[in-house]
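Colleague: Attaching a single structure in structure tokens format; questions to follow.
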Amino acid sequence: MDEHDDDEAAARGGPKAFIDQQQHATRVGLVVPDVRGNFSQHGIDARKAEFEGLAGAIRLDIVFSEVIKVREVKPSTFIGGGHTGSLKARVKAEDIDLLLVDASLTAIQQRNLEQETGAKVLDRTALILEIFGERAATREGVLQVELAHLNYQKGRLVRSWTHLERQRGSGGYGFMGGPGETQIESDRRQITDRIVLLEDRLEKVKKTRAQQRAKGSDTPTVALVGYTNAGKSSIFNTLTGAEVFAEDLLFATLDTTVRKLELPHGRQIMLSDTVGFVADLPTDLVAAFRATLEEVLDADIILHVRDVANEDHLAQALDVLKVLGDLGVSTDTTPIIEVWNKIDLLPATDDPDGLLNTAKSTGKVSAVVPVSAKTGQGLDQLKLAIEAGLAEKSRTYHVHVPHSAGADIGWLHSHAEIISRDEPNEKGSGFVVRIEPRQKTAFLERFNGRIESSDS
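Per our numbering, the sequence shown starts with residue 500, numbered consecutively.
Okay, structure coming up:
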């Protein structure tokens, strides 16, 4: 096994290995705390449905899913003694292996719940990390997920569930194992050393990615973002003819994919499909995927895909905007086009003007385009909206090129959008071209003295 194989084993070896080695599918109970006074954009029914979707994204046998009213968060167990006792009885009666709690638990809360209920406990963050660990396909994705796993586990090395230790995978630091007391400090040092190594490797990936972006800087970039399962990858596939995995699963794809796309008037862009967002996306995970998400930071236009057939789409959109803000994306400098996907699932009686107001209420939006990735409806309008968005940042020039300057004509075809071409005469041809801000300096230097007019 070479070094790369060791890395992958370390990223994937723990919880997944435990699940795979069970004699039966892991029997799971879902607990969705409804904390009094805890403001959330998402209704409790939407939260419960999403948590069930998260649990269903990996191979688990969901035995029950229950909303628990929590009057006050308890420092020891989060949910309180009465609920803990009820869960203990249910775990025993229904032979539950694992409890998933839709909250961010402290290490102490997690340990106490395990000891009180007799089941292994994972919180929302751990579940999302589990899904990412199973989905990561590329070398970079595996490194990013492992880094997030280790940062999460660094403070959670406590003795628990020793009877499961024999079922741990040979590699990695699995959530479902629990190191022995004498191994805690040793494991913590190993984790810290591993984190330093991974951060160094990902920094090199970041530099390589920056160099690649610099080489391709002539072509405008457009990034697809959106809540997980909004249909980003389906839109990407339909527009570009790519075959990115697109399924009705949360976090169906993790790794950024980039393809060229030709717009209606011949202009080419680089379209990137990024990882989907979700409410309460773990901080460690956002940090680990920052190198990948820099595709969004450098984009000329962002396409924010929304599943408008989902009743919770407004809250989902606000979650996406929060993550974009955390990444440093500014709507003042980067135009955002809202793409309302799945309009084929909307009732025919829906008020389009009402939808328009809802979409614009999420923030500064340069355009709104209703589409259906499934039927293709609206995708031509989306391409035109991208062209219009890019045009707003560009300037138009009328330039004259002699017949002898074939290289200059080639430059215009490669670096500009040719809007029209005059009838050639004995001196050459005139072109009306649209120039991106990033190409302005090179254009002015190359065509100095031959620019006949501009739009300003």
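Each residue gets a CB set at the ideal place from its N, CA and C atoms; glycine is no exception.
With which residues is Y726 paired in a DSSP beta bridge?
Modeller: DSSP lists F776 as partners of Y726.
Colleague: Are the CB atoms of E613 and V620 nearer to each other than 7 Å?
Modeller: yes
Colleague: Write down every uninterrupted run of the beta strand (DSSP E) in the stretch 890 to 940 whose length is 3 residues or greater and which is fully enclosed by it, in chain order.
Modeller: Qualifying beta strand (DSSP E) stretches, in chain order: 894 to 900, 916 to 920, 928 to 934.
Colleague: For K553, does the three-state DSSP call read helix, strand or coil?
Modeller: Checking the displayed sequence, the identity of residue 553 turns out to be Leu instead of Lys. L553: helix per DSSP, three-state reduction.
Colleague: Could you tell me the alpha carbon to alpha carbon distance between T739 and R758, rounded to whole angstroms?
Modeller: 7 Å
Colleague: Kindly indicate the opening and closing residues of the beta strand (DSSP E) around E761.
Modeller: Segment 756 to 761, the beta strand (DSSP E) holding E761.
Colleague: From D831, L844, L817, I801, pick the residue whose C-alpha is nearest to that of V807; which is it?
Modeller: L844
Colleague: Terminal residues of the continuous alpha helix (DSSP H) containing I607?
Modeller: 606 to 616
Colleague: What do you reckon, are the CB atoms on S685 and A872 nearer than 7 Å?
Modeller: Taking 7 Å as the cut-off, the beta carbon of S685 is found no closer than this to the beta carbon of A872.
Colleague: Could you check how far apart the C-beta atoms of P763 and E935 are, in whole angstroms? I think they sit under 8 Å.
Modeller: Wrong, their Cβ atoms sit about 17 Å apart, outside the cutoff.
Colleague: In the DSSP output, which residue or residues are listed as bridge partners for H648?
Modeller: DSSP, once it has assigned bridges, lists no residue as partnering H648.
Colleague: Classify F942 as helix, strand or coil using the three-state DSSP reduction.
Modeller: helix
Colleague: If you count every other CB in all the chains shown that lies within 10 Å of the CB of R688, and 16 or more means buried, which is it?
Modeller: exposed
Colleague: Let's test the definition: count the other Cβ atoms within 10 Å of the Cβ of I543 and tell me whether it reaches 16, buried, or not, exposed.
Modeller: exposed
Colleague: Quick check: K731 and V804, are their CB atoms within less than 7 Å of each other?
Modeller: yes
Colleague: Between W910 and the rest of its own chain, which residues show a CB-CB distance below 7 Å, the 5 nearest in sequence each way excluded?
Modeller: R945
Colleague: With which residues is K619 paired in a DSSP beta bridge?
Modeller: L597
Colleague: May I ask you to report which of helix, strand or coil DSSP gives H812?
Modeller: Note: H812 maps to helix in three-state DSSP.
Colleague: Among V870, R610, K706, which one has its Cα closest to the Cα of E449?
Modeller: This structure cannot settle anything about residue 449, because the visible part of the chain is limited to 500 through 955.
Colleague: Express the C-alpha separation of T874 and T940 in angstroms, rounding to a whole number.
Modeller: 42 Å
Colleague: Going by the CB atoms, is the gap between L770 and L784 shorter than 7 Å?
Modeller: no
Colleague: Is it buried or exposed, S953, if we count other Cβ atoms within 10 angstroms and call 16 or more buried?
Modeller: Counting Cβ neighbours within 10 Å, S953 comes out exposed, since fewer than 16 surround it.
Colleague: Taking buried to mean at least 16 other C-beta atoms within 10 Å of its own C-beta, is N736 buried or exposed?
Modeller: buried
Colleague: Using only the alpha-carbon positions, how far apart do S564 and E891 sit?
Modeller: If I take the Cα positions, the gap works out to 50 Å.
Colleague: From which residue to which residue does the beta strand (DSSP E) around I561 run?
Modeller: 560 to 569
Colleague: Mind reading off the beta-carbon distance from I567 to V530? Whole number of angstroms is fine, and I expect it under 8 Å.
Modeller: 6 Å
Colleague: Whose C-beta lies closer than 6 Å to the C-beta of V932 among residues of the same chain, with five residues either side of it excluded?
Modeller: Y896, L911, A915, I917
Colleague: Can you grab the Cα-Cα spacing for the pair L889 / I800, in whole Å?
Modeller: One C-alpha to the other measures close to 7 Å.
Colleague: Given Q540, which residues of its chain have a CB within under 6 Å of its CB, disregarding the five upstream and five downstream residues?
Modeller: A814, L817
Colleague: Can you tell which of Q876, V569, L626, P834 has the C-alpha that lies nearest to the C-alpha of E551?
Modeller: L626
Colleague: Are the Cβ atoms of V532 and I561 separated by less than 7 Å?
Modeller: Checking the sequence, you will find Pro at residue 532 rather than Val. It is not a contact, given that the beta carbons lie outside the stated cut-off.
Colleague: Cβ of V838 within 7 Å of Cβ of L802?
Modeller: yes
Colleague: Any contact between the stretch 692 to 711 and the stretch 640 to 657? By contact I mean 3 or more CB pairs, one from each, below 8 Å.
Modeller: yes
Colleague: For N728 and V822, what's the separation of their Cα atoms in angstroms?
Modeller: 16 Å
Colleague: Just verifying my parser: in three-state terms, what is the DSSP assignment at I578?
Modeller: DSSP, reduced to helix, strand and coil, places I578 outside both helices and strands of the structure shown, so it counts as coil.
Colleague: Taking just the CA atoms, how far does E742 sit from Q876?
Modeller: 19 Å
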